[in-house]
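Please read the structure below before turning to the comments.
Numbering (UniProt numbering), first residue to last: 1 to 417.
Written out as structure tokens, the structure is:
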């Protein structure tokens, strides 16, 4: 390791990194809420303090939504801000570190130990709270890298960019807005939680809505009606059959994951009175998109399966399928791109062992960066199995190691003067 690299690593302040994580977790930036904007302004201030040139702008939501290629969203949002910080240096940034500030809702507060999901509670080497894993630890690591470079006094030959975005959880509008504004890089690392692996590919995910028609009747005369719940059951079984079919011959990059393209029903609502036969069932869920599969192909396969269920009632009253909310295509790092080797070497030099390459079964902003011509991978602190759950947490030892690996990658990719 060169002296200049050691200077930057020595300048990483572990206590500051944990404090940055705790500060961001304490902002309840649930996707679509005003707290998203609050945190974006805080992040802009932190990047300014690190001597980055900061672009903080109010996103033109109406203008973006009129674009045909704008990703769909799920959360109502009346305002949004983008934040990009860039170090000095000439030309296109050699590397962008990207993270999203939004988190999913907390669910049942009674299930959170300590009661407050935004308290940033620390026990031993673990920080607990909504967003700790997904992905404020990654966000804190990105900020810590920028601050360490400033503290070290090292001058980068080519710019480093830090992209902070909103709306990742509900579709990727923030990343889309960042790219639409003209921010770019030669390569990018999204610091989503990867459990020490380097993720080079993402499956996609499409939100769907099913409306199943029944026939209302008094519960005491139910044979006069058609129960929408019973009508739905063979449709659900067909969805499970389709899921099994689409998860045959899984690419080796998914490792031992036998279900990288799941199809799941997340919500079901039926009926409006306890003593009536329900005449409508509405189910919403998500469908995995296979690597390199166009989302339109996945939607067509789903609709063909659902509309093909053999039933006299469904023949005359076919399900209504719509596609509201998030529509994540798949994405991957181009084969042979040097970013993978660079990331692997940085991790090995910090952690002592080379990381494994993997693919993720969920959608992310990777596909937008890849579609924008920016080779992108994931590497960040945390275990995604804790994400979106009342047990959400991140290992602070992993945060410290990941921050150093990212700092080393940034110095090597950007070069020094």
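Glycine included, each C-beta is placed from N, C-alpha and C at the ideal position. Note that the structure is a prediction, hence the values are computed from the model and not measured.
Cut-off 6 angstroms between Cβ atoms - residues of its own chain near residue i, not counting five sequence neighbours on either side
i, result
"residue 250", "260"
"residue 337", "375"
"residue 378", "190, 192, 194, 199"
"residue 322", "209"
"residue 128", "121, 393"
"residue 331", "202, 366, 367, 370"
"residue 159", "86, 87, 89, 93"
"residue 262", "288"
"residue 213", "317"
"residue 183", "84"
"residue 398", "381"
Where residue i sits in the DSSP three-state scheme
i, result
"residue 261", "coil"
"residue 282", "strand"
"residue 343", "helix"
"residue 350", "helix"
"residue 176", "helix"
"residue 190", "strand"
"residue 100", "strand"
"residue 359", "strand"
"residue 112", "coil"
"residue 164", "strand"
"residue 313", "helix"
"residue 143", "helix"
"residue 328", "strand"
"residue 14", "helix"
"residue 403", "helix"
"residue 184", "coil"
"residue 31", "coil"
"residue 421", "Residue 421 cannot be examined here, being either before or after the span of the chain that is shown, 1 to 417."
"residue 409", "helix"
"residue 154", "coil"
"residue 8", "helix"
Integer Cβ distance of residue i from residue j, believed to fall under 8 angstroms
i, j, result
"residue 4", "residue 411", "7 angstroms"
"residue 314", "residue 231", "7 angstroms"
"residue 164", "residue 350", "With 8 angstroms as the limit, residue 164 and residue 350 do not qualify as a contact, their Cβ atoms being about 24 angstroms apart."
"residue 96", "residue 188", "4 angstroms"
"residue 319", "residue 333", "With 8 angstroms as the limit, residue 319 and residue 333 do not qualify as a contact, their Cβ atoms being about 37 angstroms apart."
"residue 403", "residue 326", "The pair is not a contact, with the Cβ atoms about 29 angstroms apart (cut-off 8 angstroms)."
"residue 356", "residue 197", "5 angstroms"
Alpha helix (DSSP H) segment containing residue i, residue limits
i, result
"residue 374", "Where residue 374 is concerned, there is no enclosing alpha helix (DSSP H), given that its DSSP letter is neither H nor E."
Residue i beta carbon near the ligand ADP (any heavy atom closer than 7 angstroms)
i, result
"residue 244", "In terms of ligand content, the structure shown is empty, and the ligand ADP therefore cannot be addressed."
Cβ-based neighbour list, residue i, same chain, cut-off 8 angstroms, excluding 5 preceding and 5 following
i, result
"residue 301", "242, 246"
"residue 341", "none"
"residue 56", "40, 41, 44, 81, 82, 83"
"residue 254", "260, 358, 359, 361"
"residue 50", "85, 143, 146, 147, 149, 150"
Cut-off 7 angstroms between Cβ atoms - residues of its own chain near residue i, not counting five sequence neighbours on either side
i, result
"residue 234", "309, 311"
"residue 386", "133, 392, 393"
"residue 174", "80, 82, 100, 165, 166, 167, 168"
"residue 383", "133, 193, 195"
"residue 105", "30"
Span of the beta strand (DSSP E), counted from its first residue to its last, around residue i
i, result
"residue 127", "126-128"
"residue 320", "320-322"
"residue 395", "393-395"
"residue 123", "121-123"
(Q) Going residue by residue through the UniProt domain "Peptidase M20 dimerisation" (201-306), where are the continuous beta strand (DSSP E) segments of at least 3 residues, counting only ones entirely within it? (A) 204-213, 263-270, 280-289
Q. Taking the runs of the beta strand (DSSP E) that are 3 residues or longer, which of them lie wholly in the region 36-91?
A. 53-58, 81-86
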